[in-house]
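In the numbering used here, the protein residues as written are 729 to 887. Using N, Cα and C, we set each Cβ at its ideal position, and we do this for glycine too. None of the values given here were measured: they were computed from a predicted structure. Everything below concerns the one structure shown next.
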Amino acid sequence: MKAKEGIIELLNKILTADLTAINQYFLHAKMCENWGYERLHHKVKERSFDEMKDADELIEHILYLEGVPNVQRLGTVHVGETVPEQFKTDLQAEKEMLGLLSEGVAHCAKVGDYTTRHMLEDMAEDVDEHIDWIETQMETVKQVGLENYLSEQIKKEGS
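Quick look at the structure:
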């Protein structure tokens with residue numbers, strides 16, 4: 729199926745943001761693991777895997793639309809050197825992604841590509857959940873203090 733005007737470019741732009749996020753979240757997860765923050769490590773690693781699933785879906789959709797996925801392009805990976813810095817950079821990445829997805833939904837509506845629009849709306853819903861989780865973590869740090877927050881991250885889930 730041939731893509732409507734601007735859709736391949738739009739999807740590749742979103743794919744670039746996803747590929748960048750995969751690397752950023754994966755590195756942040758590894759850093760948390762190295763620091764001994766097991767709970768945080770697992771949650772951030774899970775977010776990296778969510779981004780991989782989105783990238784997989786985008787690549788498949790681009791190919792379905794007879795386009796070529798651009799996996800060579802990568803944005804700047806912003807590395808947080810502390811947990812609060814990681815939250816800040818990850819929140820920024822998620823907000824930028826939400827903006828791209830919103831732009832994409834509007835473009836899809838304009839050109840009449842409702843399949844792509846639905847896919848992007850589902851991705852935007854996931855991004856909203858990620859934003860909510862990060863903002864909740866940031867607020868928790870603010871309320872209980874960084875040391876108390878981090879001491880809870882040492883434990884495994886369910887401990």
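Supposed contact pair residue j and residue i - C-beta distance, whole angstroms, cut 8 angstroms
i: residue 841; j: residue 742; result: Between residue 742 and residue 841 the Cβ distance is about 14 angstroms, and since that is not below 8 angstroms, they are no contact.
i: residue 847; j: residue 749; result: Wrong, their Cβ atoms sit about 17 angstroms apart, outside the cutoff.
i: residue 882; j: residue 753; result: Actually they are not in contact, since the Cβ atoms of residue 882 and residue 753 sit about 20 angstroms apart, beyond 8 angstroms.
i: residue 838; j: residue 767; result: Not quite, the Cβ-Cβ distance comes to about 43 angstroms (not below 8 angstroms), so this is no contact.
Nearest residue (CA-CA) to residue i, options the options
i: residue 820; options: 855, 796, 790; result: 855
i: residue 833; options: 850, 776, 802, 772; result: 850
i: residue 861; options: 737, 738, 774; result: 774
i: residue 786; options: 870, 747, 869; result: 747
i: residue 805; options: 818, 797, 865, 796; result: 818
Exposed unless 16 or more other CB atoms sit within 10 angstroms - verdict on residue i
i: residue 887; result: Confidence at residue 887 is low in this model, with a pLDDT of 49, below 50, so its placement is unreliable and the value that follows should be read with caution. Exposed is the call here.
i: residue 814; result: buried
i: residue 845; result: buried
i: residue 867; result: exposed
i: residue 870; result: exposed
i: residue 739; result: buried
i: residue 784; result: exposed
i: residue 744; result: buried
i: residue 788; result: exposed
i: residue 737; result: exposed
i: residue 772; result: buried
Contact under 7 angstroms by Cβ, residue i with residue j
i: residue 794; j: residue 732; result: no
i: residue 822; j: residue 858; result: yes
i: residue 829; j: residue 852; result: yes
i: residue 761; j: residue 769; result: yes
message = If contact is defined by three or more beta carbon pairs under 8 angstroms, each pair taking one atom from either stretch, is the stretch 799-814 in contact with the stretch 857-875?
response = As far as the Cβ criterion goes, the stretch 857-875 touches the stretch 799-814, which means the pair count is three or higher.
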